[in-house]
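>
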Amino acid sequence: MKTISVFGGGVWGRALAFALAEKNNVNITSRRDISSLLAPLNEELSKKQCQVIKQVAHQDALNAQYFVMAIATSALREWLSCAALPQDIKILCASKGIESGSGAFVSDIMEEYVVHKNIAYLCGPSFASEVVQSLPCALVIHSRNLALSREFGSLMPHFIKSYASPDVVGGEVAGAYKNVIAIAGGICDGLNFGANAKASLLARGLVEMSRFGEHFGAKMETFLGLSGAGDLFLTSNSTMSRNYRVGLGLAKHKPIGEILKALGEVAEGVITAKAITEIGKRENIYTPIAREISLIIEGKSVKESWKALMS
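Letter 164 of the sequence shown, counting from 1, is numbered 164 in UniProt numbering, and no numbers are missing.
1. With a threshold of 6 Å on Cβ separation, who are the neighbours of L248 within its own chain once the five nearest residues in sequence on each side are excluded?
2. Please classify E292: is it buried, with 16 or more other beta-carbons within 10 angstroms of its beta-carbon, or exposed?
3. Where do the ends of the beta strand (DSSP E) carrying I91 lie?
4. Shortest alpha-carbon distance to F67 belongs to which of M110, V52 and D33?
5. Can you grab the Cα-Cα spacing for the pair T287 / K48, in whole Å?
6. Among I89, I181 and F193, which has the Cα closest to the Cα of A203?
7. Just grab the DSSP bridge partners of V6 for me.
8. Determine the burial state of K178: buried for a count of at least 16 other Cβ atoms within 10 Å of its Cβ, exposed for fewer.
9. So, are the CB atoms of I89 and N63 less than 8 Å apart?
10. Could you give the C-beta distance for N27 and A75, rounded to a whole number, given that I count them as a contact under 8 Å?
11. Rounded to the nearest angstrom, what separates S238 and R77 at their Cα positions?
12. List, from N- to C-terminal side, the beta strand (DSSP E) runs of 3 residues or more that fit wholly inside the region 225-296.
13. Is the beta carbon of V140 sitting closer than 8 Å to the one on L226?
14. DSSP state of S129, grouped into three classes?
15. Would you check whether the ligand MG has a heavy atom nearer than 7 Å to the C-beta of R282?
16. Could you pull out every residue in the same chain whose Cβ sits closer than 7 Å to the Cβ of R245, ignoring the five residues on either side in sequence?
17. Beta-carbon separation of G194 and D231 under 8 Å?
18. Could you tell me whether the Cβ atoms of S149 and A164 are closer together than 8 Å?
19. Is the CB-CB distance between A19 and I183 below 8 Å?
20. Identify every run of the beta strand (DSSP E) within the region 85-172, keeping only runs that are complete inside it and at least 3 residues long; order them along the chain.
21. Which residue wins for smallest C-alpha separation from S162, given the options A120, N196 and K198?
22. S294 and K307 - do their beta-carbons sit closer together than 8 Å?
23. For E224, is the classification buried or exposed, using 16 other Cβ atoms within 10 angstroms of its Cβ as the cut-off for buried?
And the structure:
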């Protein structure tokens with residue numbers, strides 16, 4: 001059995017720890033005590049005769065063969081600058097989004113601290129609540145080092161089918177952009193615009209995110225697969241999606257601060273919408289949906305934004 005340390009004790013970090021514990025020894029580290037949240041997961045693991053997840057201190061977590069990063073993109077750079085990671089460590093990054101201000105992709109940030117051949121990125125349609133029920137799903141592990149993608153794939157449990165892809169940028173753009181379209185999906189449903197409007201929105205959203213990605217060298221096939229269309233359709237249609245719930249709140253004219261406080265979790269699409277809009281202006285990329293979502297978050301009337309999109 002391999003030893004894996006998961007960094008980040010949020011919902012997704014705990015779900016990944018649970019999944020990986022089926023075949024591996026898994027430790028998890030968090031800034032807070034999450035023992036009560038791990039208890040039901042460990043109970044299920046015990047029923048399956050698997051090793052339980054142990055919460056350990058950061059320093060102890062460094063003594064592992066593999067790392068899994070489940071840290072919010074907004075905190076990633078600061079965390080990496082203080083983490084003192086071993087140079088030869090193999091990392092699976094599960095963070096999604098684009099850094100506010102700099103417009104840096106997750107891989108840009110990661111590769112400042114770790115050589116790219118030791119990093120892989122996890123993408124695809126996966127709600128944490130279903131992962132901890134061991135429900136089947138398929139994910140893509142993107143890396144410029146395909147051998148590493150397959151190595152991480154071998155660590156996955158029986159209920160997760162993994163694919164390997166070298167298109168790191170495509171996976172990143174899809175994983176970040178779909179959160180913005182998911183906010184738009186929540187707004188669309190919150191305004192009761194109907195199935196026709198929703199289908200049109202998601203189709204145009206897929207075009208928009210692929211256009212953005214191709215500008216940076218991503219492959220179209222990535223956006224037509226699990227990392228793109230799969231994750232987009234999932235997060236844009238369910239209240240299990242934090243970003244979708246943000247959209248529902250915006251449709252009811254709630255201030256973004258109130259929505260995020262009630263959510264109690266990070267909704268990456270809020271920051272990403274602004275970042276994509278700024279990059280779009282700088283690089284002359286047409287990003288109408290992301291632009292309007294950014295404006296709505298800043299206070300523009302939801303209905304005015306929809307009029308702008310329809311024109």
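Glycine residues also receive a C-beta, built at the ideal position from the N, C-alpha and C atoms.
Checking against the coordinates, here is how it stands:
1. Result list for L248: G186 and G190, in chain order.
2. Answer is buried; the Cβ neighbour count reaches 16.
3. Counting along the chain, the beta strand (DSSP E) containing I91 begins and ends at K90 to C93.
4. Comparing Cα-Cα distances from F67 to each of M110, V52 and D33, the minimum goes to M110.
5. About 47 Å.
6. Nearest option by C-alpha distance: I181.
7. Answer is I28 and V68.
8. Around the beta carbon of K178, a 10 Å sphere encloses 16 or more other beta carbons of the protein chains shown; the residue is thus reported as buried.
9. The answer is no: Cβ separation not under 8 Å.
10. The C-beta distance from N27 to A75 rounds to 20 Å, too long to meet the 8 Å contact threshold.
11. The alpha-carbon atoms of S238 and R77 are separated by roughly 30 Å.
12. Within the region 225-296, no complete beta strand (DSSP E) segment of 3 residues or longer occurs.
13. Their beta carbons are under 8 Å apart, which means V140 touches L226 by this criterion.
14. S129 falls in the helix class under three-state DSSP.
15. The ligand MG is absent from the structure shown, which contains no ligand whatsoever.
16. Closer than 7 Å at Cβ, skipping near neighbours: G186, T239 and L263.
17. Contact flag unset, no.
18. Judged by beta-carbon spacing, A164 lies within the 8 Å limit of S149, meaning their Cβ atoms are closer than that value.
19. Result no, Cβ atoms of A19 and I183 do not sit closer than 8 Å.
20. Look at the region 85-172 and you find these whole runs of beta strand (DSSP E), each 3 residues long or longer: 90-93, 119-123, 137-142 and 160-165.
21. Ranking A120, N196 and K198 by Cα distance to S162 puts A120 first.
22. Annotated as distal: K307 and S294, with beta-carbon spacing of 8 Å or more.
23. The displayed chain sequence assigns Leu, not Glu, to residue 224. Per the 10 Å Cβ criterion, exposed.
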